[in-house]
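Structure first, then comments.
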Amino acid sequence: GARFSRLTVLNMSHVGKRRDDPARFAPAVVWRREGRPIKSWSLHRRYQQGDLIAWLSEDGMEIELLEILMEAEVKQEVDNFSSFKMPVFAVAIVLVLGWQFVKGKGAFDPSVVDSLGGGGSSGDGLMM
C-alpha cells in the first residue's frame, strides 16, 4: 500500500487539564495535512516568525517547504496587587513627609525655623 505523510498540529493547552475543565472544550487537533510519501523532514524554528518545515520526497527529487504561521496564545497573569500599589506608595510618602515634619519641629527646612525666630539648630533638645 501507499504510505502518506501526515502533519498534525495539536492544541497543547489540554495538557495537564482535567476532563471537565472548560479549556478542554476546544478540539485537541487544530488541523492536519496529508501529503505524499516522504523520505525525511526537518523543522527550523524562527524567533517571532513562522516556523519552517521541509519535506524531502521519497524519491529524493523534490523538496516541499511549509511555513507555519500560527501563534501560541499566552495568557497574561493578573497582578492581584496592581490596584493596591499606588495607595501603599502614597501612604509611605505621607509617612516620610510627616516624619520629616516632626523631626524638623514643624518645618521641612531648618532655615525657616531660624527665620521665624526659633534660633539655634533644628536638632536642639532632640534625643536620637
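Residue numbers (our numbering): 222 to 349. We put the CB at the ideal spot given by N, CA and C, even for glycine.
Within 8 Å, strictly: CB atoms of residue i and residue j
{"i": "GLY237", "j": "LYS260", "result": "no"}
{"i": "GLY271", "j": "SER226", "result": "no"}
Spatially closest choice to residue i from the options, by CA coordinates
{"i": "ARG254", "options": "LEU286, THR229 and VAL315", "result": "THR229"}
{"i": "GLU288", "options": "SER303, VAL312 and ALA275", "result": "ALA275"}
{"i": "VAL251", "options": "VAL312, GLU292, GLU279 and LEU264", "result": "GLU292"}
Alpha helix (DSSP H) segment containing residue i, residue limits
{"i": "LYS306", "result": "303 to 324"}
Integer Cβ distance of residue i from residue j, believed to fall under 8 Å
{"i": "GLU279", "j": "PRO248", "result": "That pair is no contact at about 31 Å."}
{"i": "LEU286", "j": "LEU273", "result": "6 Å"}
Delimiting residues of the beta strand (DSSP E) encompassing residue i
{"i": "ALA247", "result": "ALA247 -> no beta strand (DSSP E), and no H or E assigned at all."}
{"i": "LEU286", "result": "284 to 289"}
{"i": "VAL230", "result": "226 to 231"}
Same chain only: Cβ atoms within 8 Å of residue i, ignoring 5 sequence neighbours per side
{"i": "PHE310", "result": "none"}
Contacts around residue i, its chain only, beta-carbon distance under 6 Å, and the 5 residues preceding and following it disregarded
{"i": "SER303", "result": "none"}
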